[in-house]
Structure formats: structure tokens, C-alpha cells
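Taking full-length UniProt numbering, I'd label the letters of the sequence shown as residues 1 to 799.
A short worksheet on the structure shown next.
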Amino acid sequence: MPTNPELELALSFIEKTDRNLFITGKAGTGKTTFLHQIKNESLKRLVIVAPTGVAAINAKGVTIHSFFQMPFGPILPNQTQNNQQRRFSKTKIDIIKSLDLVIIDEISMVRADLLDGIDQVMRRYKNRNKVFGGAQVLMIGDLQQLAPVVRPNEWSLLQQYYNTVYFFSSKAFQEANVVSIELKHIYRQKNEDFITILNEIRNDNLSDKSAKILNERYNPKFSPNADDNFITLTTHNRRANTINESELNKLKNRTHYFDAEVSGKFNENSFPNDEKLALKIGAQVMFIKNDSSPEKRYFNGKIGIVTDISRDSVTVQCPNEIDEIVTEREKWDNVNYSINDDTKEIKEDVIGSFSQIPLRLAWAITIHKSQGLTFDKAIIDAEASFAHGQTYVALSRCTSLEGLVLKTPITSSAIINDKTVSQFNESVEENHPDEADLIASEKDFQLNLMAELFDYQKFLYPISRLIDIFYKNQTSIKGDVIDHLQTIKDDGVVSLMKVANGFKNQLNALAENSVLPENSSPIQERFLKGVDYFLNTTTNNIQKPIDAIQFSTDNKAVKKDFSKQFDALQELLEEKVFALQKMKVGFKVQEYLQVRANAVLQKTEPKKKKKLSSKRDPILALKLRELRDDISKAAKIPHFQIFTQETLYAICDALPRSEKELLKISGMGKIRVQKYGEEILEVIEEYCLENGINKFNEQKKEDKKSTKQITFELFKSGLSIKEIAKERSLTSGTIESHLASFIPSGDVDILELIELKRYKKIINEIEEVEFKNLTELKEKVDKSFTFMELRMVLLSMER
């Protein structure tokens, strides 16, 4: 594409700044080519979205609704945040969090509420305090072309929040400090009179002189010859289909049918061509895709006549060309975005494809479907009044006045332009940026990235929520919690936010000269000192207190809420520490963008908070929990009324062997000891016996065989589990526990303890679920599997 000033400026704003952009331009100014150039050349992490399926396929992106999981119909403010049914996958969240750039094609068709919906999702997963979550958004389209679709009942809801239906009325756009650039070089038309006419129609001021020139093309009785290659542009699908079917039926040749090959996921509404394509020799057709072969023999919108049809190909003769074009099936891909596990780059995954001959009947086409196409010869058939922009779209498809025929005259009344669009376009022209704006924006971009590295605003919400949760539920949360949380907030987050603000002002002051921050020695020196300070303070006042937190609660709702915010805080901390460590060598824009993305993607599972725990073998805690579960179910009372988690660990540590000793345990009063003491002491006694612990809570000397070894030797001698239990006056469960400990070493084969069929069944169920511990696994598999069976199988899998 030949370079031009507006195009170069737009490309520079994309690559060198974080400014949100609206790129517009008259029909034929190369907006689509510009989009593909950005996609192929940009170093930023980006995705491409479009408002319709066909537009998304053509832009080689995905629909807005599918990527951002938007509901269909009006999106009211904060609706996306409250609508919990749209759960985002971990991959989708990571993509959004690591994005630098979102490209929205055909922005003219995007409603205000939809753009606000995108903003809400980006804030939710990226940065709640910045418009579009802090990502750069590039909007491409021409507002004088096709408008958004809104039904009267939808507008009755939306008009309470928006002045117009257009994207520029959205709250996000108004906050986004958008740079608007109009591409002015027209590639499609060369005739100055025709360009003038189109500009006047676009601006809703068609002069008498231009109207006279234009209407010289009015010829209501015009009927093209078969080899003239005219295409009729009309307002309605029905009219276009009628013309095409009528002309096809006039041909006496046999009809050939081509069935599309559809694989994977490909929505019918996004099919780029007929699923069952009917063609005849002699039919006028249009190519609907650019040639994917190196020869580039055809392009989207090229018209010709079918001269031959075979089983797998169609031959087309185009006007003024000697060679015929033999075209075979082309493939359209439906893509989805994911992250490459090795490179961490955003990649396009083909989730579906549509393969068909890239031709459609072309005696007629709707104006809507003609958007983006170019025709040498066209008949404009305005059988019904035009909607906003349709006059302009129809006429601007043509390369010249000479190739244009009007079925109805064009008057000012046929030009329906929205006044609010015209006013907005005027403001675009008045506020066109220049090189000075670019340099200032580039400098601001670099300073913004530095400030972002030292910004701890995002930490404030989870730490404040954690403190709030603790104080509202402090009777049910036990452990070493609140002092550490307060340290994190006061000495860590709030303190660093204050320092960051001052540091930002220092960098801005140093950047007042003309040198870009990444090329300034004083700024780099100050930046490195900042990295060192923030990393040390983060480690001492946030990382260490987090690692010291221990808590326990029997309230599942509190546990879930606390864990969610704790995990969020840890995730932010991991990202921040990772980024700070990587930037110790100095600041460069491209390196920082890569580090920022990797900070999001490098994380493993968040480290779980330390829970209050016992110094004893966890098997005793497990047995006491099982006892508590049994009592809870039998008495139909909550767990904490039997004993709390804190009491459970105290029992494990003290190992009380009498009611008197049990009464000394915090949380075990007289009533509880009377009700449950005997059963609790029985579990402890059994545990002490099998582990060789005497009345004084001391381990027996190691000169005797361990109780597990005795069980193992009896088992190897041929005794069954029941026989060993009887022999040793222990329960069968205790014997199974002894033998399980020999599975990892291979001394006991799992199939000696569990029959093969049941073992395979357990293995299959384990492999189908995700779990973090044995208790969680027990809840997710067949209820007939015992804790001991699951434990044995897990031990065998480890081996």
C-alpha cells in the first residue's frame, strides 16, 4: 500500500503510544488493509473483534459477543458485572489480562451499550480503575456507512442512559481520550467529479451541480447485456435474491450444486457463502474472497461469467482479461484465541472451517453485503427509501461515474444522514492530531508504563476486603491473621501508593526535556532506584506478612470469601514481584510489555494460605473429622457444635487420654465431654496403640518393631486383614492404614488389598476430577469408595 501521512501517523500512534484510537475514512481509503497491516506487523499482544459473524470472519478475528461473552439484547450499565452466568475460562482471563491492544473492526455498527460492555469486562479482569482496563483500543470504521441495529423496544431501555445509539455516545468512549484520525487518500475512485459527489453525499450537502452530474446516470429502463458484467445494488435481500434467481432460471444450462464442507464450530449466521451453492454455465458471479494462491488472480468483489463447471472447480472469464480463472474451493476459518504454552504468545486456534467455491451469483447484491467491495459497473436500484448511509455506501462501491446506472434519481431526500454522526465527524476533522501530539503521547506512554510498574492501587481492594471479612466474622476466624493484614495494608500497600505518587511526579519532572524517558540517563537511574526500593518494601511489608498468615474457620461461606480475596492478593503480589525483578536492568518499552504479559502468564497455582495445623500425624485429624461427620449426620447438628477446627488441632497436639485431660482442651466443656468424650477418647486410644504411644505421650523406643512392621509381617505370612485385626485387637481400618504405608515402596501390591475391577473403577473416576486433597476427592467420586480405598489408590498412583 502506498504510504500517506495519515496512515503513517496512525501506525505510529498504535506502536508508540497507549492512546485509544478511532481510525475512519471515506469508502476506499484502505481501512481494511490498514487493519491487516497492524495485525501482521504489530509487536503488541492483540485480538481482533467485530460486531457480526461475517465481519469477524473477513477481519480474521472473532465476534465481540463470543470473545467478551456478551448477552444479546440491550446491555445496561453494570449488567455484565452482575451477570454471573457468563463464566470466563482461565485461558480467556489470562488473554484479557495480558492484552496490550484490542482492535474493533466495523465500529460504525457497534452500539454504545456494547462498547460499554467491553469496557466493563476489561475492567473486571484487567484494571478496574482504568477505561478498557488499561488496554489500548483501536476502533476502525466509517460512521457514514452502515449504522447499528436497534429495535424500538431496545431503544426505549437504552435511551435512559445514552444520547444516541452510536458507539461515541458510550460512557467508555467519552472517558477514553480517543485520538481520531481520518485516512484521506482514496484508492478506489480517481475521477475528481465523482469524488466530489461522494464527499457531498457523505456530508449531506449535495449541490445542484453535483446532483445534475450524478443524475445523468439515471436510466430506469436500462437492461444490461449478459456480457456487460453489471451488478445491481438493492436495499433488500428479497429483491436481490429474486433478481439472481430470475436471471439464473433464464439460462438453459444444467444447474450444478456445490455443498459446503463445514467442520468444527462454525455458526450458520456466519457462513460466508451458501451452504448449497447453485451455479450454471453463463451465470454472472462475483468472487467473495481474495485468492489464497501466490498468483492472486482474483479479489473479493471481482465479477465475471462462468464458462465451465467440473466436479471440483468453476472456470470464470472476467472482462478485459485474456486468461480464464479456474477456481477451486477456498477455506474460511473460524478462530478462537488461546495462549501458546511455550512462547506465551496469543495464538489463533482454528475451531471450525467453512470450505466452498468462493463465488456467489452477482446479478444483484444488497447494499449491506456490498460494504467493503469494489465494482467497475453497478446499477443502483433504490426501490425503497434508504436508511442512514446507504446512499453513500451504494454509490461509493463504484470505481467511476461511467460504470454507474441509477434506476431511480438521487435527490437530497434519498440521502438520509444522522445529524449526530455529521457533528461527530466534524469534531474528528477539527481535532486531527499532528506530530507534536504523537511525540507527547509517546512520552506519556513510557511514563505511564513506569508508573504502572510502581502502582499498587489494585492491591487496595482485596486487602481491604480481607480486613473487612475478618472483623465481620472474627468469632469464627481463628489464627494469626489481623495484625499481618493490617501491616500489609498500612506499611505495604498504602505506604507504597503514597511513595508511588511522589515517584511519578519526580519522573514527570525529569521528563520535561525532549528526550524520551527510555533514552534518558537521569530517568533510567531514578527508575532503577525505584525498582530496588519497591521490591524491598514489597518483600518485607507484603510478602513476609502474607507468608506468616495462618487461619482456620468452620464457616464455609467465610472460608470461600476469605480464600478468594487472599488468592487475588497473592496473584497480584506474584505479578508485581515478577515484574519488578525483571526490570532491574532498566526500562525499555518493548521489554516491559513482554514482562507485563509474562507476569500474568508465569503463575502456577496460587500458594494456599497457611491453615492452623497440628504437629501430629494428619491421620489422627482425619479420623477425628470422620467421627465429627458421623455425629453431625446422626444428630443433624453443625460440625462446630461438636468441636471446632481449632479444638480438633488442640486435641491432636495434647493427645488427652482421659475425660479429665479432655476437659482441659479449649472448646471442650463439660456438656461436650459428656456427649462426645467417650468416642473422641476411643479414637485417640486407637491411634496411640497403632503408633506405639504410651500413657505419657512418649514414643516407644525404636529397639522394638513398629506396629506397622508387625502388621506387614503378619500380612505377608498369609493372614487376612480381618484375621490380623482380631489377632492384634485393632480395627480393620487400622490394619488397612498400616498396609497402605507399604504401597509406595512396592512391598504391598494395591491389588492385594483391592480387587482389580474396583481398582480400575476408582482410577477412572480419579482421573476425571480435579481435587486438592483427599476430602475434596471423596466428595466428587462414587460415595461407595471409602477414604482408605482412595488413599491406597492415590499411593499406588504415586508409585
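Think of the CB as a built atom: it goes at the ideal place given N, C-alpha and C, for glycine as much as any other residue.
Please read all numbers here as calculations on a predicted model, not as lab measurements.
Nearest to residue i (by Cα), restricted to the options the options
i	options	result
residue 395	786, 488, 644, 235	235
residue 135	172, 164, 426	172
residue 138	101, 145, 111	101
residue 694	262, 719, 656	656
residue 332	775, 666, 57	57
residue 174	75, 131, 462	131
residue 53	335, 556, 392	335
residue 30	599, 184, 295	184
residue 424	327, 214, 108	108
residue 192	401, 92, 150	401
residue 688	471, 55, 724, 651	651
residue 531	585, 501, 512, 202	585
residue 244	176, 374, 226, 300	226
residue 439	476, 515, 460	515
residue 459	421, 533, 575, 352	575
residue 125	87, 144, 228	87
residue 64	49, 599, 74	49
residue 679	667, 662, 752	662
residue 709	726, 723, 740	740
residue 545	486, 133, 12	486
residue 144	428, 517, 669	428
residue 803	588, 77, 468, 103	The displayed coordinates of the chain run from 1 to 799. Any statement about residue 803 would go beyond what the structure contains.
Straight-line Cα distance separating residue j from residue i
i	j	result
residue 242	residue 411	26 Å
residue 390	residue 398	13 Å
residue 508	residue 442	13 Å
residue 250	residue 306	14 Å
residue 591	residue 583	9 Å
residue 187	residue 538	55 Å
residue 720	residue 559	43 Å
residue 785	residue 762	8 Å
residue 497	residue 771	38 Å
residue 283	residue 361	7 Å
residue 639	residue 738	28 Å
residue 24	residue 779	57 Å
residue 716	residue 748	9 Å
residue 219	residue 381	11 Å
residue 329	residue 323	19 Å
residue 246	residue 35	38 Å
residue 257	residue 279	6 Å
residue 734	residue 551	31 Å
residue 573	residue 536	13 Å
residue 527	residue 484	29 Å
residue 7	residue 318	32 Å
C-beta atoms of residue i and residue j nearer than 8 Å
i	j	result
residue 325	residue 231	no
residue 61	residue 94	no
residue 129	residue 457	yes
residue 45	residue 635	no
residue 707	residue 692	yes
residue 51	residue 110	yes
residue 345	residue 337	no
residue 112	residue 169	yes
residue 405	residue 518	no
residue 690	residue 730	yes
DSSP bridge partner residues for residue i (one or two, in chain order)
i	result
residue 50	63
residue 139	22, 104
residue 305	284, 317
residue 332	354
residue 258	277
residue 480	DSSP output for residue 480 lists no bridge partner at all.
residue 167	Residue 167 is not bridged to any residue.
residue 228	DSSP, once it has assigned bridges, lists no residue as partnering residue 228.
* To do: Assess, as a yes-or-no matter, whether the stretch 480–491 is touched by the stretch 442–455 under the definition of 3 or more beta carbon pairs within less than 8 Å.
  => no
* Three or more C-beta pairs below 8 Å linking the stretch 675–684 and the stretch 624–643 -> yes
* To do: Report yes or no: do the stretch 152–159 and the stretch 115–122 share at least 3 C-beta pairs separated by less than 8 Å?
  => no
* Should the stretch 10–26 be called in touch with the stretch 557–569, which here means at least 3 C-beta pairs below 8 Å? -> no
* For the stretch 756–767 against the stretch 790–797, are there 3 or more C-beta pairs whose distance is under 8 Å? -> yes
* Should the stretch 37–45 be called in touch with the stretch 270–277, which here means at least 3 C-beta pairs below 8 Å? -> no
* Taking 8 Å as the threshold, find out whether the stretch 453–465 comes into contact with the stretch 572–581 through three or more Cβ pairs. => yes
* **the stretch 357–376 touching the stretch 283–292, judged by at least three CB pairs closer than 8 Å** => yes
* Stretch-stretch touch, CB-based, cutoff 8 Å, three pairs: the stretch 485–492 with the stretch 526–542 -> yes
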